[in-house]
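Down below is the structure, laid out as structure tokens.
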Ligand SMILES: Nc1ncnc2c1ncn2[C@@H]1O[C@H](COP(=O)(O)OP(=O)(O)OP(=O)(O)O)[C@@H](O)[C@H]1O
Ligand SMILES: [Mg+2]
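Chains as they are written, first to last, in the numbering used here: chain E, 131 to 402; chain D, 85 to 398; chain S, 157 to 402.
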């Protein structure tokens, strides 16, 4: 189900390395509010989304914007530095111990015919899909969404048409971080985590995006499905500890075989 | 030119150092570590600095080198042979990586290399028959620290000379073009894929050799030590602190890195990486050319002041 | 009889649903200046990229001196002797002007120079020809637009091409700068290099080109000697239909 959330990364193209850090923080904030104030983990997103949005907006304004015109590796390194800071801040604040959240809801499950599904998985799946639909609506139906897409396509042209590009970029970045924190919060219901949480998920979501082709919404969903299937099958035949290896193997195979992603391949097949 | 003289002087001092400081095991050990880390840093810089392809997966090459030496030493293969095989295997492995990963550009390449680091670590962890799994490999050879020292010094000198050559050669220009604008480079006849693959090959060879020295020094290697993400991070941070794409920058970075780490790691866990994260952000924001760039700016200002004594204030 | 150095057959390029270039045949005669004109968005730059091998066509083939270019990488095509400039200038911004051109000299078609000094010498010579030798040590990003356009040409020239493709190298230049660039283009031709140029400035095209092709909405609508083409009623109609002035 985490793949549903990885879609978001794909659409917004905010694959910045600091995302791994914010994902981890989303999980920690949820855990921290739960363990100190007994805040229901399901409600944590109500705090996390606005908070992370604000943080993201400020990061864009004061950090990312300053390196925007330079070579791409510069902003990559900046965000990598930010990730290191977040990660090790978490180590200092929360120690390296593995944490997990346990509430009655989280441990409950439902029987659907022969299979048993945990309630939190269903909840996360539904919440992920809702977030996705909300995002899609925002991007296609609202004035702001159109502005974001315009800026993504051509920053200069957008500026000429009177869009406040700086503000839009800040909002988009904030949105990306907020979604990431939201995802982290949801994932904390399913998995236990430590400050290094996020790295393998970053890899997976990247793998999904490459699978699906870098620019197509449907492709990303498709990639998520393909990877989930590959992992499910892989686990049957190899040690569970190698599960994370699967996404990487898939990634390499896809890159070698279909450099344009599966969506790109289908597109070229259709054309032929 | 002044530079070759300075280089020769430093080299001479480094050669003489173990003889003037006999018995000062600790000092030799520290300088050895700086040389080793400097070598690794300069090796990374060939791909990350000159070609602008930031790799978070270079620990893989170090690890392959270290494990190759560890395994060969267990089978009593002569050390010089093990050393060269270590570098060569890492270099060959780089070709396997380069083919898929160089289809990606910019940040996407970088993220894929995180995957490589992770994948190699997992393989080392799970291939028990070859690598001993999580319990790692213990080497039973002992090499005097002075021998290790000269091995590291020799490798470091070779790497510095190689970087100087690259900087002035046709190859170096190709890498610079790849870094600045790969598409424009292609239209001018630069085969960017080949250039990047060659850079990665050289870089991987150096890291493989460094890994061999690493194994001979610590005599114990495990997936988390050589293949670990913190090793990969160190490889990225050192050249950036010192100055990306320069000859001396990565070495300066290694000195600073080793100094900060020795200070912080002993007292506060994880604070060192926090500090490096902040340092990295500060450098990217204020001085993208690293310490070396800051120094050059400082030196230029002094020179300008000195050479225009008559420049009266208006 | 002028032979053909670069030719395309049935070239088509689709971007999603949009057909930017539709079934165009093109023959560039050796040693001449070939002009490609048309209203904004006609597909000139796209055709140009197809012919230069920067972009793969959806259909059709490109032949250079009797060899197909269609499946080659841009680098290999440049080594063969076909080089293109970018309509939107793309200098290596942080490098010096001289280093920019040195890269062209190091790679490209000419028997490749071994040492840096040799490549530097070639680059310096090209810079002088292009009239920007005085700014050789400046970082490329500090040049003004005219300078950067010249740098595009200089870099391409340094690869010693047989065919050089120029995309709107006159756009945005003032009259003096335009005249200097026209002189440069003539001198390139005089050196035996074939030139393909995309241009909006019809006056310049008329004075310079020996062949002209007109593209409108991805289709070839006229081709031939400049005076005849520019007098063609369909061409005039196409231009009057847009806001471009001759
Ligand atoms: N990479 C691309 N992806 C999608 N559409 C493109 C792409 N490049 C060009 N187009 C479209 O193809 C059409 C032709 O563009 P092209 O740049 O070839 O025109 P042009 O004749 O060079 O125009 P101009 O005179 O403005 O330079 C335009 O409608 C443009 O929007
Ligand atoms: Mg154009």
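Positions of the beta carbon are idealized from the N, C-alpha and C atoms, including for glycine.
Residue i, DSSP secondary structure in three states
i              : result
residue 319(S) : strand
residue 187(D) : coil
residue 310(E) : helix
residue 286(E) : helix
residue 221(S) : coil
residue 295(S) : strand
residue 373(S) : coil
residue 292(D) : helix
residue 212(S) : coil
residue 185(S) : strand
residue 237(S) : coil
residue 379(S) : strand
residue 356(S) : coil
residue 247(D) : helix
residue 163(S) : strand
residue 272(D) : coil
residue 105(D) : coil
residue 224(D) : coil
residue 176(S) : strand
Per-residue burial, residue i [other beta carbons within 10 Å of its own, 16 or more giving buried]
i              : result
residue 281(D) : buried
residue 230(E) : exposed
residue 293(E) : buried
residue 177(S) : buried
residue 384(D) : exposed
residue 236(S) : buried
residue 128(D) : buried
residue 161(E) : buried
residue 234(E) : exposed
residue 272(E) : exposed
residue 382(D) : exposed
residue 304(D) : exposed
residue 263(E) : exposed
residue 287(E) : exposed
residue 212(D) : exposed
residue 109(D) : exposed
Any non-hydrogen atom of ligand 2 within 7 Å of residue i CB
i              : result
residue 286(E) : no
residue 354(S) : yes
residue 308(S) : no
residue 323(S) : yes
residue 243(S) : yes
Residue i CB to nearest heavy atom of ligand 3 below 7 Å
i              : result
residue 196(S) : Annotation note on ligand 3: not contained in the displayed structure, which lists ligand 1 and ligand 2 as its ligands.
Cβ pair residue i, residue j closer than 8 Å
i              : j              : result
residue 401(D) : residue 300(D) : The question about residue 401(D) has no answer, for chain D in this structure spans 85 to 398.
residue 201(D) : residue 311(D) : yes
residue 295(D) : residue 147(D) : yes
residue 116(D) : residue 293(D) : no
residue 211(E) : residue 303(E) : no
residue 260(S) : residue 301(S) : no
residue 297(D) : residue 120(D) : yes
residue 193(S) : residue 361(S) : yes
residue 184(D) : residue 206(E) : no
residue 259(D) : residue 283(D) : yes
residue 247(S) : residue 215(S) : no
residue 302(D) : residue 112(D) : no
residue 372(D) : residue 204(E) : yes
beta-carbon residue i near ligand 1 non-hydrogen atom, thresh 7 Å
i              : result
residue 200(S) : yes
residue 308(E) : no
residue 171(S) : yes
residue 176(S) : yes
Proximity test, Cβ basis, 8 Å: residue i and chain A
i              : result
residue 360(D) : In summary, chain A is missing from the structure at hand, where the protein chains are E, D and S.
Legend entry - Ordered list of alpha helix (DSSP H) runs contained in the stretch 354 to 379 of chain D, each at least 4 residues: Within the stretch 354 to 379 of chain D, the complete alpha helix (DSSP H) runs of at least 4 residues are 355 to 370.
Legend entry - Contained alpha helix (DSSP H) runs [length at least 4] in the stretch 109 to 149 of chain D, N- to C-terminal order: Here the runs fully enclosed are 109 to 129.
Legend entry - Whole alpha helix (DSSP H) elements within the stretch 187 to 273 of chain E, 4-residue minimum: You should have 202 to 224, 234 to 237 and 249 to 271.
Legend entry - Length at least 4, wholly inside the stretch 155 to 219 of chain D: the alpha helix (DSSP H) runs in chain order: Inside the stretch 155 to 219 of chain D, DSSP marks whole alpha helix (DSSP H) runs of 4 or more residues at positions 163 to 185, 190 to 210 and 212 to 215, from first to last along the chain.
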